[in-house]
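**Student:** Handing you this structure, nothing more for now.
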């Protein structure tokens, strides 16, 4: 059984933190990069060792995720037909109309968009070209993460390429919304753990996050490093369990 209070003692002396080269390239706002690198330097002063790592398949992560996730949504949400699952729209005339009105009224625009994308990716003639290929890329991303964790105890990256934007600002531009997930999606694809911690404000006062990423089943390392950073930044009081 892990000694849970010791996870929050703030001691990260000798911990190795990897900085993925691909996460600090094109598309990352200059202010965001500065704040995230500042967070890395702070952890280095606390006793951690910074090392470069490479995740070359990162550029495929968004495309991979937005094939796999909609395909899963299409499959899983097919059960919401108003018969066994989901709200039933009253006064429908016939089974087909009930299905149509239930699913039209019960799902929002983004859910409908993902169902349509997923249904296309899983359709005959396109399964191998899209879903099958995305699963193979998913395996590549996971292997690259595993290789990175041979060099580092955990990884540190921006949470998003930009500072926070106003609620609803990109609701009419789903592609831009999807691209904002470029640094968090690889974690989901690889099936590992991550946590985002505030790391400062831009000149306009907009918040920026730094992401800590750990191997599977090593969440204690993740929590220890994130807590040490929060203590060093003064985001938390000392509060042992």
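In this note's numbering, the protein residues as written are 5 to 245. Cβ coordinates follow ideal geometry from the N, Cα and C atoms, glycine included.
Taking C-beta to C-beta, are residue 110 and residue 84 nearer than 8 Å?
**Tutor:** Their beta carbons are under 8 Å apart, which means residue 110 touches residue 84 by this criterion.
**Student:** Looking at the structure shown, is residue 38 part of a helix, part of a strand, or coil, going by DSSP?
**Tutor:** Looking at residue 38 - three-state DSSP - the assignment turns out to be helix.
**Student:** Kindly provide the ranges of any beta strand (DSSP E) runs that are 3 or more residues long and lie completely inside the region 29-77, ordered along the chain.
**Tutor:** With a minimum length of 3 residues, the continuous beta strand (DSSP E) runs that stay inside the region 29-77 are 53-57.
**Student:** Taking residue 184 as part of the beta strand (DSSP E), name the residues at either end of that continuous run.
**Tutor:** Neither: residue 184 is in no beta strand (DSSP E) and is coded neither H nor E.
**Student:** Touching or not, the region 216-232 and the region 91-106, by the rule of three or more beta carbon pairs under 8 Å?
**Tutor:** Too few Cβ pairs lie closer than 8 Å, so no.
**Student:** Smallest Cα separation from residue 231: which of 204, 200 and 220?
**Tutor:** Checked all of 204, 200 and 220; the closest Cα to residue 231 is 200.
**Student:** For residue 4, which of helix, strand or coil comes out of DSSP?
**Tutor:** Any answer about residue 4 is impossible in this case: the structure gives the chain only from 5 up to 245.
**Student:** Of the residues 64, 26 and 114, which one's Cα is nearest the Cα of residue 56?
**Tutor:** Cα-wise, what sits closest to residue 56 is 26.
**Student:** In the region 81-149, which residue ranges form an unbroken alpha helix (DSSP H) of at least 4 residues, counting only runs that do not cross its ends?
**Tutor:** As far as the region 81-149 is concerned, its whole alpha helix (DSSP H) runs of at least 4 residues are 99-110 and 113-126.
**Student:** Check whether chain B comes within 8 Å of residue 90, counting only Cβ atoms and requiring the distance to be less than that.
**Tutor:** As a matter of chain content, chain B is missing from the structure shown, which is built from one protein chain.
**Student:** Going straight from the alpha carbon of residue 194 to that of residue 64, what length do you get?
**Tutor:** Residue 194 and residue 64: Cα-Cα distance of roughly 13 Å.
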